[in-house]
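Peer 1: Chains as they are written, first to last, in this note's numbering: chain P, 948 to 1277; chain U, 767 to 1051. Ideal placement from N, C-alpha and C gives every residue a C-beta, glycine not left out. I'd like to ask you about the structure that follows.
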C-alpha cells in the first residue's frame, strides 16, 4: 500500500458556545480524536447526521481550520500555518466544493472571471493560456463559453455547482474536499454532478474526501467510507462491504433507513431518543441512549475504533466484545 | 469594478420611464451645480471680489447684476458660483476622505478582529458620542484655518458610519459564501476585500455617502456662518449666508440665493440617495 496523500492524526476541534447573555459557556466537541488516511487517487466518504462533525473534519483536512489537537499531513509534510503565504500557495493543490454553489460564487463577477480567478491568484500561465484554460474547464464540466459570460444568478443550480467544480479544478489540484456538494440540488441534477465528479476523478486521478448524509451518493462515489457520530468515527471500511453488512448499530440504522427500490422496508430500525447534542455528550459510547443493544458497559466506557478484520474498523463494545481485541486503533 | 458588476441588471432597469420625475430633476440640478463649479471662472460674469460701488445693494433683476449686489457692490451671482465651487469641493473631498478612511478601518476591524476591532469600534463610539461641531471648533481654534485643513476636518465627519457598515458586511461576507470561497482559493486578503467584498457592499456604501454628503454641506455652512469655516475674502455658501444675515431686512437676496442653493442641493442629493438605495437593493426589486 502506498503512503496516504492526506493523513489525519488524532485531530480534535472544540468550539466554545454560550447560551444567552449570562448562560454558562459550554464547550462543543465538534470533532474528537479523529484519524484516517486517504491514499492517492482514492475517495473517502464521510457520512453522518447533522452536527456529527463532518464539515469540520473536511475543513481541517483541508487546512481551513487548525485542529486544537492532532495534526494533518499532506503529501508527507504538515499543512502550512493557516493564513501564511505558504498556506496560500498550497491552496493550488487542495480545493473545496461547497454545499451552496450560489453562496460560493460572487454574484457580481462573470462566471468565466471566477473560473479564471485561481489562475490569476497563483499566477499560472500567461493571459492567453489562462483564457484557453477557462475554455477547457468549461468544456470539461459540460458548459460552453456562452455560459462563461453569464453571472451566477442567471445559471441553474446544477450549472452553478459545475462552475464551482471547474473553478476548483483550475489549478489541477491533487486533493478535493466535497462538502455536501449535491444535497442542495434536485435528484436528477445530483446524478449529473456525481457522475461528472466520478468521471473527472478517474480522468485526473484526484484524491477526494466526500462528505454527505446521503448514503446512496456516498456509496456510488467512494471506495472507503467512514461513519461519524458526534465527532467520532464509529465505523470504517470499504464502501460496498460496509453498506452490505453494517456492524455498528448506528450504521445498521442508517442503512436500514435509506430507501432502496424493490426492498420492503418492514425491518426498518427506527431510532428512538433525542438526536445527538454535541454540547451535552452522553457518557461512554455517545450512541448508547439511542442504541437498541446498549448495555451498562456502553454507558460507562468509551469504545475504541478496533479492526474487526483487515477491511473493517468498528467502535462498539458489542462487536468487539465477542472477538479477541486488537488494540491498534486506526 | 462596480460598473462591471452593475452592467447586466442596470442596463435593463435604467430606462427613462422607470425613473421618477423628482430624480430626473435632482440629477439635472446636481449636474448643473457640477458644471457651475467646474467652469466657475468662465461662467461668473464678474470677479467674486470685484466692487461696483455705484450699484451697492441693487435689486435682483438688474440687467448688469441678475441676482443683485451686496453691501459692497459685489455681484451676488458671481459670488454664488464661486461659493458653489468651494462648498462642493469641501463636500466631495470630505465625503471621499471619510468614505475611504471609514471603509478601510471597517475592513481592518473585520479582518483582524480582536484588539484592532475593539480599537476601531471604540474610536467610532467616541466619534459618534462627540458633538462634531465642538470638535471642529476646537480644531479650528487651535490650528487656524485653511481650505485643506477644513476639508481634512470635514473628512473626519461620518467615517464611523462607513466603518460600522463595512465591518458588519465584511464579517458576514467572510463567515459564509463567496469571500470564504475565494480565500480558500489562496487569495490574499487585499484581493478578497478589494476585488470581492468591496464591489458587493458598494451599493450600501454609496447610499451612505449620499446621506453624509448633504450633512457635510450643512456642517460647512454652519461653521462658515459662525465665522470658523471659509474665511473672507474667500467665499462659500455658508459664509455668504452668514455675512448676508446683517442685511436680511434690507437686502434679503444676498442671503436667500445661497440659502436656496443649499436647500435644493442637499434635497437633490437626498432624493438621488433614496432612489439609489431602492435601485441597488436587490431585495426591493
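1. Is any beta-carbon of chain U found at less than 8 Å from that of residue 1094(P)?
2. For the segment 1141-1152 of chain P and the segment 1220-1231 of chain P, state whether three or more C-beta atom pairs, one from each stretch, are separated by less than 8 Å.
3. So, residue 813(U) versus residue 844(U), is the Cβ gap smaller than 8 Å?
4. Of all the options 855(U), 834(U), 784(U) and 1028(U), which has the alpha carbon lying nearest to the alpha carbon of residue 1017(U)?
5. My output table needs one value for residue 912(U): the three-state DSSP class, helix, strand or coil.
6. Give me, in chain order, the residues of the same chain whose beta-carbon lies closer than 6 Å to that of residue 1259(P); leave out the 5 immediate sequence neighbours on both sides.
7. Hey, could you find the ends of the beta strand (DSSP E) residue 1180(P) is sitting in?
8. Step through the CB atoms of chain A and report whether any lies within less than 8 Å of the CB of residue 1068(P).
9. Buried or exposed, going by whether 16 or more other CB atoms sit within 10 Å of the CB of residue 975(U)?
10. Under 6 Å Cβ to Cβ from residue 960(P), same chain only, skipping five residues before and after it: list those, please.
11. Based on Cα-Cα distance, which residue from 931(U), 803(U) and 887(U) lies nearest to residue 855(U)?
12. Among residues of its own chain, excluding the 5 on either side of residue 1263(P), which ones have a beta-carbon nearer than 6 Å to its beta-carbon?
13. Under 7 Å Cβ-Cβ, which residues of chain P neighbour residue 962(U)?
14. Taking the alpha-carbon of residue 993(P) as reference, which of 1117(P), 1178(P) and 1222(P) has the nearest alpha-carbon?
15. Can you check whether the CB of residue 952(U) is closer than 8 Å to the CB of residue 1065(P)?
16. Is the CB of residue 954(U) under 8 Å away from at least one CB in chain P?
17. Grab the span of the beta strand (DSSP E) containing residue 984(P) for me, first residue to last.
18. Which residues in the same chain have their Cβ closer than 7 Å to the Cβ of residue 1170(P), if we skip the five residues on either side of it in sequence?
19. Quick one: list the residues of chain P neighbouring residue 947(U), beta-carbon separation under 7 Å, in chain order.
20. At a cut of 8 Å, does the segment 1155-1169 of chain P reach the segment 1124-1140 of chain P through at least three beta carbon pairs?
21. Out of 1267(P), 1075(P) and 1252(P), which has the shortest C-alpha to C-alpha gap to residue 982(P)?
22. Looking only at C-alpha atoms, which of 977(U), 796(U) and 852(U) sits nearest to residue 807(U)?
23. Below 8 Å, can you find three or more Cβ-Cβ pairs linking the segment 921-935 of chain U to the segment 1037-1053 of chain P?
24. Name, please, each residue of chain P whose Cβ falls closer than 8 Å to the Cβ of residue 944(U).
25. Do the segment 976-984 of chain U and the segment 886-893 of chain U meet, that is, are 3 or more Cβ pairs less than 8 Å apart?
26. Could you give the DSSP three-state label for residue 851(U): helix, strand or coil?
27. Is there contact here, the segment 873-885 of chain U with the segment 902-910 of chain U, by at least three beta-carbon pairs under 8 Å?
28. Chain U beta carbons: is any one of them nearer than 8 Å to that of residue 1064(P)?
29. Report yes or no: is there a C-beta of chain P within less than 8 Å of the C-beta of residue 980(U)?
30. Which bits of chain U does residue 1039(P) rub up against, with CB to CB less than 7 Å?
31. Put residue 1197(P) into one of helix, strand or coil per three-state DSSP.
32. Taking DSSP as the reference, what is the three-state secondary structure of residue 896(U)?
33. Please compile the residues from chain U whose C-beta is within a distance smaller than 8 Å of the C-beta of residue 1035(P).
34. With a 10 Å radius around its C-beta and 16 neighbouring C-beta atoms as the bar for buried, classify residue 1126(P) as buried or exposed.
35. Can you list, in chain order, the residues of the segment 989-1019 of chain P whose Cβ is nearer than 8 Å to any Cβ on chain U?
Peer 2: Quick look at the numbers:
1. no
2. no
3. yes
4. 834(U)
5. coil
6. 1184
7. 1179-1185
8. Of the protein chains in the structure, P and U, none is chain A.
9. buried
10. 977, 978, 1003, 1014 and 1015
11. 803(U)
12. 1195 and 1250
13. 1053
14. 1178(P)
15. yes
16. yes
17. 972-986
18. 989, 990, 1185 and 1186
19. 1045 and 1051
20. yes
21. 1252(P)
22. 852(U)
23. no
24. 1050, 1051, 1052, 1053 and 1054
25. no
26. helix
27. no
28. yes
29. no
30. 952
31. helix
32. coil
33. 952, 953 and 954
34. buried
35. 1009 and 1011
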